[in-house]
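Numbering (the numbering used here), first residue to last: 18 to 297.
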């Protein structure tokens, strides 16, 4: 009977459907809770949708009011950063439900991540409406403060997402066939995006501090494709594994498809990285 129960639980986990857990003793957390439903997680999801809405609103503003799309002072930034941070936050909230870690550490990390996403988008949007660069702008004390807040926020993103990445490699993620590989690969590639973002900020700050402000604004161009391509692997690969779980294909076939997708994504990241090296 026990073997039948455990086999049924494994079957539910492989199918991608929520696996019910008994209520833990007081003061203890489940090591893994599938698709949490408490208010905090709803708040994270609502925050992500509001960031996406912000990006879409600014896209409409650009279509109506116009303005520069490229350059350090552009109407593109509130659009792309709102959409990108919103989608990434939504993806991380969903994907981390497959990562085996305590409920409280997961909620804490997600809370910090959500707050940081809001701060980043708010700072970028504020500077866009003021008509000044959001990053690497040291022209006034206020602009310097905003740039430093955004830089520190980037460091917080690195720490939080690195914690999730380490947790995904310490314990095999749960979920349907191929999800463990998708989650681990997604976080690994996401770290490449964070590293390239940190490199852009570091080089820009050095150039700014040495009096090469204009060169600082253009110094990030080579790394932007690498940063953009690798940023959303944590969304694309787990989403593919989840979609495949809704097909009648066998687990072996689904795992091979996910593995092929990971290989293709890694090749795209490598190509963007090579381009960055040649142009850097």
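Cβ coordinates follow ideal geometry from the N, Cα and C atoms, glycine included.
If you count every other CB in all the chains shown that lies within 10 Å of the CB of residue i, and 16 or more means buried, which is it?
i, result
"residue 261", "buried"
"residue 137", "buried"
"residue 59", "exposed"
"residue 142", "buried"
"residue 84", "exposed"
"residue 75", "buried"
"residue 267", "exposed"
"residue 82", "exposed"
"residue 201", "buried"
"residue 172", "exposed"
"residue 70", "exposed"
"residue 254", "buried"
"residue 272", "buried"
"residue 174", "buried"
Going by the beta-carbon positions, is the gap between residue i and residue j smaller than 7 Å?
i, j, result
"residue 207", "residue 250", "yes"
"residue 68", "residue 99", "yes"
"residue 210", "residue 244", "yes"
"residue 163", "residue 195", "no"
"residue 252", "residue 108", "yes"
"residue 284", "residue 240", "no"
"residue 192", "residue 282", "no"
Give me the residue from the options with the minimum Cα distance to residue i.
i, options, result
"residue 167", "201, 193, 219 and 127", "219"
"residue 94", "148, 283 and 180", "148"
"residue 127", "82, 169 and 180", "180"
"residue 178", "280, 134, 282 and 56", "134"
"residue 170", "187, 151 and 183", "151"
"residue 125", "57, 263 and 104", "57"
I'd like the list of long-range same chain contacts for residue i, defined as Cβ closer than 6 Å, with 5 residues on each side in sequence excluded.
i, result
"residue 157", "none"
"residue 96", "72, 75 and 76"
"residue 61", "110, 127 and 131"
"residue 296", "239"
"residue 185", "116, 200, 201 and 204"
Given residue i, which residues of its chain have a CB within under 7 Å of its CB, disregarding the five upstream and five downstream residues?
i, result
"residue 257", "199, 275 and 278"
"residue 79", "92 and 96"
"residue 86", "92 and 93"
"residue 123", "113"
"residue 189", "197"
Leaving out the 5 sequence neighbours to the left and right, which residues in its chain are closer than 8 Å to residue i when beta-carbon positions are compared?
i, result
"residue 247", "206, 207, 209, 210, 213, 286 and 289"
"residue 106", "61, 64, 65, 68, 130, 131 and 134"
"residue 165", "none"
"residue 104", "65, 69, 249 and 252"
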